[in-house]
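In my numbering, the protein residues as written are 74 to 339.
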Ligand SMILES: NC(=O)C1=CN([C@@H]2O[C@H](COP(=O)(O)OP(=O)(O)OC[C@H]3O[C@@H](n4cnc5c(N)ncnc54)[C@H](OP(=O)(O)O)[C@@H]3O)[C@@H](O)[C@H]2O)C=CC1
Ligand SMILES: O=C(O)[C@@H]1CCC=N1
């Protein structure tokens, strides 16, 4: 891919995408330019990924064919005011921020722009991201091919209706955080039973990875896969019963409601 890709904001999410993009071989590091708030971040990412950096958001905005806004939602307004004169007609602008709508981007740029609203996640760092996106009418078929190529370089991507975008953080953007809680809890349980800490993380993580792969690759309903593990009168059903008694599923659903509620306010 020949395009120049810019990132305004180069924190956790931007770096996960940059690492995934470069590792996949889709583009060379020299095709990426980033800006951030502090010099410390720029020095760090230059060293880590051999990408180009700029002290000025406007330089990145003017240079990019595809421009990611990877700053927090509340910073979008000021960043857009700063860069809006620099954007070329052909540039595709992609926000990764929770709660930032296409309508907001169009209003703040106050001209015809090619806008993409996306919600990736940090496993993009290892090429296992899950992203959702939607676009406005200015994004052409060729633009979309490039956008999809970028997102596919660090994982899976699905195009969805914008009205569903606020529900994506809860299910895939933020959910790695709760999966890590689960892995940590599993490892703590292992440690409690005498398994060394590092080994406990390996057992817990591989079990989670394997279970996810079973759902994705066999197409078997998760309930049936759960049933396959629960030997009648065995040990697993005792664990499942204890989780149900403690409201495991209800806790997940409630967490997701909280996440979506907050996303709508961002
Ligand atoms: N973290 C995640 O798992 C996910 C995050 N997102 C979205 O990604 C966005 C960024 O989140 P995240 O990466 O976690 O946050 P971070 O705090 O890690 O990164 C924010 C970045 O923005 C930079 N920044 C702040 N102000 C400015 C400015 N005025 N101009 C240029 N850069 C600026 C910061 O610079 P500096 O480093 O110098 O302080 C930093 O690099 C958010 O909108 C979030 O909703 C979406 C999906 C998942
Ligand atoms: O916590 C947040 O707001 C962002 C959105 C998805 C993951 N992190």
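Glycine included, each C-beta is placed from N, C-alpha and C at the ideal position.
Keep in mind it's a predicted model, so treat the numbers as computed, not measured.
Can you give the Cα-Cα distance for residue 177 and residue 144, rounded to whole angstroms?
15 Å
Please confirm whether residue 168 has its beta-carbon closer than 7 Å to some beta-carbon of chain D.
Within the model displayed, chain D is absent; a lone protein chain is all it includes.
Residues that DSSP places opposite residue 108 in a beta bridge
81
Bridge partners of residue 205, per DSSP?
192, 231
Checking the sheet assignment: what are the DSSP bridge partners for residue 167?
141, 189
Best match in 259, 271, 239, 268 for proximity to residue 280 [C-alpha to C-alpha]:
259
Go ahead and pull the three-state DSSP assignment for residue 125.
strand
Close Cβ partners of residue 338 (< 8 Å) along its chain, the five nearest in sequence each way excluded:
172
Taking the CB atoms as reference points, tell me whether residue 93 and residue 227 lie closer together than 7 Å.
yes
Three Cβ pairs or more, each shorter than 8 Å: is that satisfied between the stretch 94 to 114 and the stretch 160 to 170?
no
Among 293, 149, 246, whose alpha-carbon lies nearest the alpha-carbon of residue 180?
149
Beta-carbon separation of residue 152 and residue 126 under 7 Å?
no
Helix, strand or coil: how does DSSP classify residue 319 here?
coil
Let me check understanding here. Comparing Cα to Cα, which of 232, 186, 277, 250 lies closest to residue 211?
186
Only counting the same chain, and skipping five residues up and downstream in sequence, which positions put a Cβ closer than 8 Å to that of residue 288?
295, 298
Anyone know if the C-beta pair for residue 81 and residue 130 falls short of 7 Å?
yes
Close beta carbons around residue 121, own chain, < 6 Å, minus the five adjacent residues each side:
none
Using the Cα positions of residue 320 and residue 310, report the straight-line distance between them to the nearest angstrom.
15 Å
Segments of 4+ residues assigned as alpha helix (DSSP H) that fall wholly inside the stretch 269 to 313:
270 to 291, 295 to 302
Out of 142, 267, 232, 254, point me to the one whose CA is closest to residue 86's CA.
142
For residue 214, the nearest candidate out of 276, 229, 189, 137 (CA to CA)
189
Helix, strand or coil at residue 184 according to DSSP, with G and I counted as helix:
coil
Quick one: Cα of residue 50 to Cα of residue 139, how far?
Outside the displayed span of the chain (74 to 339) sits residue 50, for which this structure offers no information.
Within the present structure, is the beta-carbon of residue 296 separated from the nearest heavy atom of ligand 1 by less than 6 Å?
no
What residues sit near ligand 2, counting only those whose C-beta is closer than 5 Å to one of its heavy atoms, in chain order?
171, 242, 246, 247
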